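Structure first, commentary second.
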Amino acid sequence: MDLQIPIKGLKDRVFKMYARRLEKLGIQDLEDFLYHVPSRYEDFSIVSTIANTQPGETVTIKGKILKIENIYARSYKKIQKAQVGDETGQTDVVWFNQPFILESIKKGDKVSLAGKVDLSKGKKVLISPDYEIDNGDLIHTGRLVPVYPQTHGVSSKWLRRQIYKILSEDKLDDFLPEKLRKENSLMGLPEAIRKVHFPESLDEAKEARVRLSFDEVFLLHLSSLKRKGDWKKKLRGTSLKIFEKKVNDFIKNLPFELTLSQKESISEILSDLGKDIPMNRLLQGDVGSGKTVVSAIAMYLAYLNSFKSILMSPTEILANQHYRTIKSLFSPFGIKVGLQTSSRKTKGDFDVVIGTHAILFEKTKLDNLGLVVIDEQQRFGVEQRSILRGKGNNPHLLTMTATPIPRTVALTFYGDLDLSTLTDMPKGRKIIKTWLVPPTKRTNSHKWIEKQLRETKSQAFVVCPFIEESENMTSVKAATKEFERLRKAVFPNLRLGLLHGKMKSKEKEEVLKKFGGKKLDILVATPVVEVGIDFPNATIILIETSERFGLAQLHQLRGRVGRGDKESYCLLFTESSSPQTIQRLRSMEKIQIGAELAELDLKLRGPGEIYGTAQHGIPTLKVASFSDFDLIQKTKKEAEKIIDDLDKFPLLKQKVSEINVRQVSPD
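The number in my numbering is simply the position in the sequence shown, starting from 1, with 472 added.
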């Protein structure tokens, strides 16, 4: 069976039925099943006779079902009671409210049961054990049993069965060259996959993870190197003439002085634009570090060379803001700037077009497109690349992000991009005072906020993580509910507005217009406020349930204030009393640099937890860890050694191609 076939495309009715649930776990094809590795193992490897079991022990017993029935408790819930016997004796087994067990196990069945032995009325009893029919191949009992990350409707037991089935039916080829594998003392791939799921010992599981971690990071390095090589070999763009004097005149006309790192980044970008290989650069910088003006200088050079530029933003809110900023920078030079969003389109022929990412799918033909600037989208896929080719002949590509990227993440995932980093902030930007606020100080904080807003005639944001409370998120305040509470009970004398992602574009614009026009004192919002909103008069941001955000995301939210010349503040509200959580959030009080916070969160919370949500485009690793710097360095060196000889290893080359089709390609 082809392991790359999407779950939705399989004939297997069970897989099809579970496809949507599996997507929540990142499982989209059969290969994803195999790389959905256990988070831990339960040790049911001690197999005991019934007579030898001791209360408090976790054991596996094997025997025959002598009796099994449903018993109705006083609460009208069913209790499933069974009697199991082996050659040494009998014991009772009890499950609670699991009537379906009687469909799985019948009287006379040989079973294997794993769980903790308890005492009830002086008799030994197994309470709610795991169970399976004993047909020789045990996967739920009698061994180290894998426990997986799971989601609603997809249990570890179900995953175990499917993975065992795939491993039984499919033969895996090892794509690593044997010489490389032996030099690094790595287990073979088929053995590693089998033993990570069904190990005989924890040492075996550990050795299997070493191999799979190596593969994961090595393949990412190799695919990055392949993309970078293909970009340089296959793509030919148009080199731009560097009009140094005109660019310098543009810079002199700016109403502020550029920072040193802005000047360095501009130099790197102009150098790229002067080549006939299309630029493929990522510009990373903290919120407010001045990325937009750097991109404007690149767009200005494209204009001087009679090429058009487009700047794409993730939201209409940010597109409108970029439009205003870019238009004000370019108006003295007669450069025509247009806006293209789903709710607003300016008509005419433009030198620079600002829009959302949806601009790619507009029917508009952008003749003579020389430069594309993408804001907050780290990875540009195959589909987008081919569409761009239809709008211009391999335009130069500049991607911008305010997401702090740890060094190991940059090395691993963005090896194909040239990286420019804005490390310093523009003059006049003040440090944002940050405080962690415990529940006991909430009321005082609210009073202080009202007093501050009145005295300084400034404004505030209140950020809540979700629009609606879900059953398992009852402790998280929904923005809509919090808005009503704040408006009626906390700030009845102030003017409040609400902003969330499910509002229509016109509604959002209306609220933002009011806030920008100082007709609102407080804007209550979901993290839609995080990306790009710029209001210099906003000096306070209060973040509810701050423990739910990663440090990098909190830092980006904090950057919504401090845009003007007034003192600014960030208040982190938390209900958590966990010492680790408090320590993590306290780091926001001390550290103002995004990259440092991202590195710290990497150590404290691990990969996949840094950014809080998936919207940032930062990928996660399934087996390896971004904090394993030695592995990242070692696999990078191995990838660099083998890249030029990749054609000699067809299985490895195919694997790299599969990764690049999933991620990005110049083709």
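Built from N, CA and C at the ideal position, the CB exists for glycine as well. Since the structure is predicted, the reported quantities are computational estimates derived from the model, not experimental observations.
Residue environment, residue i, which counts as buried when at least 16 other CB atoms sit within 10 Å
| i | result |
| --- | --- |
| D484 | exposed |
| T1085 | Note that T1085 has pLDDT 35, beneath the 50 cutoff, so the model's placement of it is unreliable and the number below is only indicative. With fewer than 16 Cβ atoms within 10 Å of its Cβ, T1085 is classed as exposed. |
| Q1055 | exposed |
| M751 | buried |
| H624 | exposed |
| Y772 | buried |
| E940 | With a pLDDT of 41 at E940, under the threshold of 50, the predicted position of this residue should be treated as unreliable, though the coordinate-derived value follows. Result: exposed. |
| I846 | buried |
| R708 | exposed |
| A545 | exposed |
| S928 | Looking at the sequence itself, residue 928 is Thr, so the reference to Ser does not match. Answer is exposed; the Cβ neighbour count stays below 16. |
| Q1105 | exposed |
| G842 | buried |
| N866 | buried |
| T787 | buried |
| G900 | exposed |
| R681 | buried |
Rounded straight-line distance, which links the Cα of residue j to that of residue i
| i | j | result |
| --- | --- | --- |
| T532 | F686 | 34 Å |
| E1002 | P1008 | Per-residue confidence for E1002 stands at a pLDDT of 48, beneath the threshold of 50, marking its modelled position as unreliable; the derived number appears in the next sentence. E1002 and P1008: Cα-Cα distance of roughly 15 Å. |
| K974 | K953 | 15 Å |
| I1015 | R914 | 12 Å |
| R632 | D821 | 59 Å |
| T530 | V597 | 12 Å |
| L968 | L958 | 8 Å |
| G587 | K1113 | 50 Å |
| T1053 | Q1025 | 15 Å |
| I1131 | S1099 | 22 Å |
| K713 | K496 | 48 Å |
| H693 | E1039 | 44 Å |
| D1037 | D646 | 60 Å |
| W567 | L992 | 58 Å |
| A677 | A491 | 28 Å |
| I789 | Q622 | 36 Å |
| G757 | L1074 | 18 Å |
| V809 | I769 | 14 Å |
| L742 | S733 | 14 Å |
| D896 | R879 | 17 Å |
| K976 | F505 | 38 Å |
First through last residue of the alpha helix (DSSP H) which encompasses residue i
| i | result |
| --- | --- |
| N865 | Counting along the chain, N865 falls outside any alpha helix (DSSP H), and DSSP gives it neither H nor E. |
| Q634 | 628 to 641 |
| E663 | 661 to 669 |
| K553 | It is not in any alpha helix (DSSP H) - K553 instead sits in the beta strand (DSSP E) that spans 550 to 558. |
| Q1025 | 1023 to 1030 |
| V682 | 674 to 706 |
| K1062 | 1051 to 1062 |
| S1048 | Careful: S1048 lies outside any alpha helix (DSSP H) and carries neither H nor E. |
| S917 | 914 to 928 |
| F1121 | Here F1121 belongs to no alpha helix (DSSP H), and DSSP marks it neither H nor E. |
Residue j beta carbon less than 8 Å from that of residue i
| i | j | result |
| --- | --- | --- |
| Y513 | P601 | no |
| T828 | T797 | no |
| F1140 | V909 | With the chain running from 473 to 1139 in the structure shown, residue 1140 is simply not present. |
| L616 | L538 | no |
| L870 | R753 | yes |
| K980 | L971 | yes |
| I540 | K593 | no |
| A664 | L684 | yes |
| L1093 | E688 | yes |
| A932 | A1010 | yes |
| G614 | S520 | no |
| G746 | S781 | no |
| V998 | E1047 | The sequence shown places Thr at residue 998, rather than the Val named in the question. Cβ distance not < 8 Å, so T998 and E1047 don't count as in contact. |
| A1070 | P898 | no |
| A1111 | L1103 | no |
Range of the contiguous beta strand (DSSP E) that encloses residue i
| i | result |
| --- | --- |
| E541 | 530 to 544 |
| F1152 | Look at the range of the chain in this structure, 473 to 1139, and you will see that residue 1152 is not part of it. |
| L892 | Per the sequence shown, residue 892 should be read as Ser rather than Leu. Unbroken beta strand (DSSP E) run through S892: 890 to 894. |
| R512 | 512 to 515 |
| D646 | No beta strand (DSSP E) contains D646, which DSSP labels as neither H nor E. |
| S576 | Segment 573 to 576 is the alpha helix (DSSP H) holding S576; no beta strand (DSSP E) there. |
| I605 | 602 to 605 |
| L598 | 595 to 599 |
| S497 | As written in the sequence, residue 497 is Leu, which differs from the Ser given in the question. No beta strand (DSSP E) contains L497, which DSSP labels as neither H nor E. |
If we require 3 or more residues per run, which beta strand (DSSP E) segments fall completely within the segment 712 to 773?
752 to 757
Pick out the complete alpha helix (DSSP H) segments inside the segment 779 to 843, 4 residues or longer, and give them in chain order.
Positions of the alpha helix (DSSP H) runs, each at least 4 residues long and wholly inside the segment 779 to 843, are given as 788 to 802 in order along the chain.
Going residue by residue through the segment 947 to 1010, where are the continuous beta strand (DSSP E) segments of at least 3 residues, counting only ones entirely within it?
968 to 971, 994 to 997
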